[in-house]
Amino acid sequence: MSPAEPDTNGPQVPSGSLAPPSAQRRKRQWATKAKTGCLGCRIRRVRCNEQRPKCASCTKRNMACHYELNPPDIGSFTDNGDLFPTRIHNEGVWFDTFPHQQVGDLDERFFHESKGTEKYQQKRQAMELATYASAGPWYTESFSAGPVPVWLIPEGWAAFEAVHFCNTVVHRDLMDTDLADSTHRALCRTEPYSPSNDIIIANSLCMRLSHIAGVENTTPKPTPSSVHLWVRLGDLLNTSVRTLSRQITDVENVVQNKVLQRICDMTGIEEYLNLAGGRAHLRGFLAILRLCGIPIDLAKKQTGLGNAIHCMTLCGVLSNTVSSYEAKLDEIGAFSDVELMDMYCFTLENNFPCPSYLWAQVLEISRLRTMAATGSSAVVLLQHAQNIYAQVQIFSPENWKESYSIPKGRVALLLSRIFKAAVAIYCCSCVPASVVDEDFATWSSGQIAAQRLTLLRLLGEAVEFDRQLNTRILWPIAVAGYAASKGTYSERALVGRLLSDMQHEFGCIPPRLLARLQCFWMLGSGSWDDCWNGPFTFLP
Numbered sequence: 001m002s003p004a005e006p007d008t009n010g011p012q013v014p015s016g017s018l019a020p021p022s023a024q025r026r027k028r029q030w031a032t033k034a035k036t037g038c039l040g041c042r043i044r045r046v047r048c049n050e051q052r053p054k055c056a057s058c059t060k061r062n063m064a065c066h067y068e069l070n071p072p073d074i075g076s077f078t079d080n081g082d083l084f085p086t087r088i089h090n091e092g093v094w095f096d097t098f099p100h101q102q103v104g105d106l107d108e109r110f111f112h113e114s115k116g117t118e119k120y121q122q123k124r125q126a127m128e129l130a131t132y133a134s135a136g137p138w139y140t141e142s143f144s145a146g147p148v149p150v151w152l153i154p155e156g157w158a159a160f161e162a163v164h165f166c167n168t169v170v171h172r173d174l175m176d177t178d179l180a181d182s183t184h185r186a187l188c189r190t191e192p193y194s195p196s197n198d199i200i201i202a203n204s205l206c207m208r209l210s211h212i213a214g215v216e217n218t219t220p221k222p223t224p225s226s227v228h229l230w231v232r233l234g235d236l237l238n239t240s241v242r243t244l245s246r247q248i249t250d251v252e253n254v255v256q257n258k259v260l261q262r263i264c265d266m267t268g269i270e271e272y273l274n275l276a277g278g279r280a281h282l283r284g285f286l287a288i289l290r291l292c293g294i295p296i297d298l299a300k301k302q303t304g305l306g307n308a309i310h311c312m313t314l315c316g317v318l319s320n321t322v323s324s325y326e327a328k329l330d331e332i333g334a335f336s337d338v339e340l341m342d343m344y345c346f347t348l349e350n351n352f353p354c355p356s357y358l359w360a361q362v363l364e365i366s367r368l369r370t371m372a373a374t375g376s377s378a379v380v381l382l383q384h385a386q387n388i389y390a391q392v393q394i395f396s397p398e399n400w401k402e403s404y405s406i407p408k409g410r411v412a413l414l415l416s417r418i419f420k421a422a423v424a425i426y427c428c429s430c431v432p433a434s435v436v437d438e439d440f441a442t443w444s445s446g447q448i449a450a451q452r453l454t455l456l457r458l459l460g461e462a463v464e465f466d467r468q469l470n471t472r473i474l475w476p477i478a479v480a481g482y483a484a485s486k487g488t489y490s491e492r493a494l495v496g497r498l499l500s501d502m503q504h505e506f507g508c509i510p511p512r513l514l515a516r517l518q519c520f521w522m523l524g525s526g527s528w529d530d531c532w533n534g535p536f537t538f539l540p
C-alpha cells in the first residue's frame, strides 16, 4: 500500500467534532499489513515483507527487536485473554473523549457492524483487550490503524505492557509471577496512578537491559542503544524512593501499602545493575521487617510479601557469608535462627536450593565467626568447627527431602552434593588465621583440599548435565573460588569460566565476584576474611 492510498479495510479515526484537533490534522502514513514485517521495520516505518521477528535488514544493522509480536510457542496475544480484564471499569475508557450520547453511533461507524451482532461483539471485545493490553505494535497489527493516538491510551497501560513483556518474553513458562499479581493488575486498572506501577515498569526495564547486554555480550551498562532506557529507569527509581520515604512514616500501614515488596524489588534492580543504594535498601528492609512483627506470620498473610521476606532474609545471610565480619549486616542478627529457618522453608520457588539441614549449619557457622571475632580460644573454636563439620558430613544427599518442592532425580543429587561440599569448605575456612593455632590450621587445610576437588568436580558435572543449573549454584562457585587459591591454574580457570558464563543471568554480580576472587588469587593464599575483605551484597 503506497503512502497516498487510503486504508479502507481498517477502522477509521473519527472525524469532525468527535476527534480532538491533533487527530484531525494528522496525515495518513504508510503502515504494513497485518502479520507482515518485523518489529524493527515497523518502528522505523520502512517497508518489510519478511514474516519473522527480525528481518535480514535489521540483522545487518544489528538492531535488536524489543520482543516477538506473537511468539510461536504461546500463540497470538488474543489467546491470552485471561491476562487482561474482560470488563472495563467504566463506561469505556476508549470512548471517554467523546460525548456519551453519541457512543452508539460511534460504535457502529467504528466497527462497520450493527449493534447486537456477533461480529460486533467480537470486534468490541478485541478492541477493549487491545486498549488495556497494549498501546503499541499489537494494536497496529490488529486494526491496521497506525500508531495509537496518545489521547486514546488509558491510565496504567505501561504497567500492563511491563507485565505482558515479563510473562511472554522473560517468563514464558511461568505465567503466575509476582509482577502479574492480581492485586497489582487491579490497581493498574482502577487507579490513575499506583506506586506499584513504577516498580513493575522498572523491573521490566531491568530485564530488558539484561537482554540488551546479552545481545551485546557485555555487562549491563548504558550504551547508545539503551541510554534512553537507563534514563527512564533512573526516573522510575527516584520516584519510587520518594514515594517509599513518605509511606514508611505510616508504620501501621506499611504492610498494607506493600512497602516491603517494593523495597525488595528495588534492591534487586539496584544490585543486578550495580547501582548505588542496594545495600542500604536491604538494611532498611530488614529493619522495617523487625518492627512489623514475626516474619512468618506476615508471610502467611500475603504471598507476594512472603516471597519478598524469604528473598531478603536469604540475601542478608548470604551477604554476611561473603563479607568480612566487620562489614556484616547487623540487621540480620536481630532475627533468631528459628525465624530465619522458618522463612527459608517458606518459599514457592527457591533459587537457592540448599537443603534446609545444611542451611541450619550455615547459620551455625555464622555463630562460629562471631565467637572467633569476640575472643574465643583456639581450642574452643576447633572443637566447635569440628562439631559443625561432623554434622555436615552426616547429611545424606540421596535422602534429601523437604516440606517444599525441590528438584527431582539426578539434579537433586548433584545440587545436594554441591552444597554439602561448599558448606564443609565454608566451615573449615571461616575462622581468621590470626586466632587459630597449628592444630586448627592443619585440620582445616586437609579438609579444604579434599572438599575442593570434590566441589570442583561436581560443579563441572552439573553444568555439563544441565546448563541452566549455573543459575542455582552461584554461592558454591564463590566458595570454590576461595578454595581454588590453593589449587592449580586449571581449577581457577574453571571458576572464572563459570562466573563469566553467568553474567547474563545475574547481571553485574558474577563479574564483581570474579574481580574479588582474582585479587585474592594474586595474593597466593589467605583466610576467608582476606578474600572477602569488605561488604558484598549477594543476591541468590
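Okay, so the sequence shown: first residue is 1 according to full-length UniProt numbering, each after it adds one.
We put the CB at the ideal spot given by N, CA and C, even for glycine.
- Listed in chain order, the non-local C-beta contacts of Leu205 below 6 Å within the same chain comprise Leu229, Leu233, local neighbours out to five positions each way being set aside.
- CA-CA distance, Arg497 to Leu474, rounds to 12 Å.
- The alpha-carbon of Ala449 is positioned some 38 Å away from that of Cys264.
- Where Leu273 is concerned, there is no enclosing alpha helix (DSSP H), because DSSP gives it neither an H nor an E.
- Ile473 sits in coil when the DSSP states are folded into three classes, being neither helix nor strand.
- Judged by DSSP secondary structure, Asn253 falls outside any alpha helix (DSSP H); it is assigned neither H nor E.
- Take Pro222, set aside five residues on each side of it, and the residues of its chain with a beta-carbon closer than 8 Å to its own are Trp230, in chain order.
- Boundaries for Asn217: no alpha helix (DSSP H) harbours it, and the DSSP string shows neither H nor E there.
- Per DSSP, Leu539 lies in no alpha helix (DSSP H) and is assigned neither H nor E.
- With 16 or more other CB atoms across the displayed protein chains lying within 10 angstroms of its CB, Pro220 is buried.
- Within the same chain, Cβ atoms closer than 6 Å to the Cβ of Ala433 are found at Ser527, the five residues on either side in sequence being excluded.
- By the Cβ criterion, the stretch 407-427 is not in contact with the stretch 506-517, since fewer than three pairs of Cβ atoms, one from each stretch, lie closer than 8 Å.
- A Cβ-Cβ contact shorter than 9 Å links Ile332 with Val317.
- In the structure shown, Met312 adopts helical secondary structure according to DSSP, grouped into three states.
- When secondary structure is reduced to three states using DSSP, Ile294 falls in the coil class, being assigned neither helix nor strand.
- In this structure, the CA atom of Arg410 is about 22 Å from the CA atom of Thr347.
- Excluding residues up to 5 positions away in sequence, Ser226 lie with their Cβ nearer than 6 Å to the Cβ of Ile212 in the same chain.
- Straight-line measurement puts the Cα of His310 at about 13 Å from the Cα of Trp359.
- In terms of Cβ geometry, Leu523 and Leu499 do not form a close pair [threshold 9 Å].
- Comparing alpha-carbon positions, the option among Gln247, Met266, Val322, Leu260 lying closest to Thr303 turns out to be Leu260.
- Three or more beta-carbon pairs separated by less than 8 Å link the stretch 354-374 to the stretch 382-397, which places the two stretches in contact.
- Of the candidates Cys508, Leu382, Ser525, Ser525 places its Cα closest to the Cα of Lys486.
- Between Arg279 and Glu271, the CB-CB gap stays under 9 Å.
- With distances taken between CA atoms, Lys408 lies nearest to Leu469 out of Asn197, Leu469, Ser429.
- Counting the other CB atoms within 10 Å of its CB gives Val379 a total below 16, which places it among the exposed residues.
- Counting only the Cα atoms, Gly293 lies some 23 Å from Ser196.
- Inclusion of Ser366 and Val435 in the CB contact set at 9 Å is not warranted, their separation being larger than that value.
- Rounded to whole angstroms, the gap between the alpha carbons of Ala483 and Tyr489 is 12 Å.
- Burial check for Gly460: the Cβ neighbour count within 10 Å stays below 16, so the residue is exposed.
- In this structure, the beta-carbon distance from Ser324 to Asp529 falls below 9 Å.
- Around the C-beta of Gln361, 16 or more other C-beta atoms lie within 10 Å, and the residue is accordingly described as buried.
- At the C-beta level, Ala334 and Arg290 come within 9 Å of one another.
- The beta carbon of Gln451 is closer than 6 Å to those of Ala421, Ala424, Ile425 in its chain, skipping five residues each way along the sequence.
- For Phe335, the secondary structure class from DSSP, reduced to helix, strand or coil, is coil.
- Uninterrupted alpha helix (DSSP H) stretches at least 4 residues long and entirely within the stretch 457-508 occur at 474-483, 489-500, 503-506, given in chain order.
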